[in-house]
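Colleague: Using UniProt numbering, the letters of the sequence shown correspond one by one to residues 1 to 162. Please find one structure pasted underneath; my questions will follow.
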Amino acid sequence: MRSASVPNIIIWSGMDAGTQSAMSIQLHGFSHHLEQRDQEERDQGDAQEQQQPQQQQDQPPMEEQDSRAVNSKDGAANQDTSADSGQDQDGNQAQDSTKKRCDKCGKKLGITGGFPCRCGGTYCAVHRYSDRHECNFDYRQMGAIQIRRDNPVVVASKLRKL
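Put into structure tokens, the structure is as follows:
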């Protein structure tokens, strides 16, 4: 039901009538008309959505019926995996909702998430360096392994004979 004519009222308000620009413009009536039209569209969409599920329930696909009859064991397995995935999602949400804190001082790390260390902890800006927290990661051994990997040993058999 759309009305034939919608009154538009423009109200100008300002300090001086003609010397300064208008401070605000308000349209009355037109916004009310838009709200009514949006509500009608929502009602029509809801009615269509209600009709579609009823049609789908009345006529289940033949493929689903055949697969249910043939693969009853597979159906039980699928139900178990869907239950496991639901538990995994709940676990992920619980981990996300907990606030991250510095492993040394307990300060909230905020949106940056802190600084992960190679020892496995997460630390704030003050404790991010290995000498500021009791870091048990062996940087010396890691450096030695990296040097051995990047700089192979030259063996005498590889040298040219003079």
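Glycine is no exception: its CB is placed at the ideal position from the N, C-alpha and C atoms.
#1: Is R118 helix, strand or coil when you go by DSSP?
#2: What residue does the alpha helix (DSSP H) around G143 start on, and which one ends it?
#3: Given a threshold of 16 other Cβ atoms within 10 Å of its Cβ, counted over all protein chains shown, does Y123 qualify as buried or as exposed?
#4: Could you give the DSSP three-state label for R132: helix, strand or coil?
#5: Tell me K108's beta-bridge partners as DSSP assigns them.
#6: From R128, A125, C119 and C102, pick the residue whose C-alpha is nearest to that of Y139; which is it?
#7: Check this for me: beta carbons of G110 and C102, under 8 Å apart or not?
#8: Taking its Cβ as the centre, do 16 or more other Cβ atoms sit within 10 Å of G106, making it buried, or is it exposed?
#9: Helix, strand or coil for H127 per DSSP?
#10: Between the alpha carbons of R128 and K99, how many angstroms are there, rounded?
#11: Using 10 angstroms around the beta-carbon of G121, count the other beta-carbons present and answer buried if the total reaches 16, otherwise exposed.
#12: Pull up the distance between the alpha-carbon of T112 and that of A125, whole angstroms please.
#13: In whole angstroms, what separates the C-alpha of N136 from that of K108?
Modeller: So, from the data block:
#1: For R118, the secondary structure class from DSSP, reduced to helix, strand or coil, is coil.
#2: Taken as a continuous stretch (DSSP letters only), the alpha helix (DSSP H) holding G143 covers Y139 to D150.
#3: Buried is the call here.
#4: If DSSP states are grouped into helix, strand and coil, R132 belongs with coil.
#5: DSSP output for K108 lists R101 as bridge partner(s).
#6: The residue with the shortest Cα to Cα distance from Y139 is C119.
#7: No, these two residues do not count as a Cβ contact at 8 Å.
#8: Taking a 10 Å sphere around the C-beta of G106, we find fewer than 16 other C-beta atoms and assign the residue as exposed.
#9: Per DSSP, reduced to three states, the secondary structure at H127 is coil, with no helix or strand assignment.
#10: R128 and K99 have their C-alpha atoms some 18 Å from each other.
#11: G121 comes out buried.
#12: Rounded to whole angstroms, the gap between the alpha carbons of T112 and A125 is 10 Å.
#13: N136 and K108 have their C-alpha atoms some 23 Å from each other.
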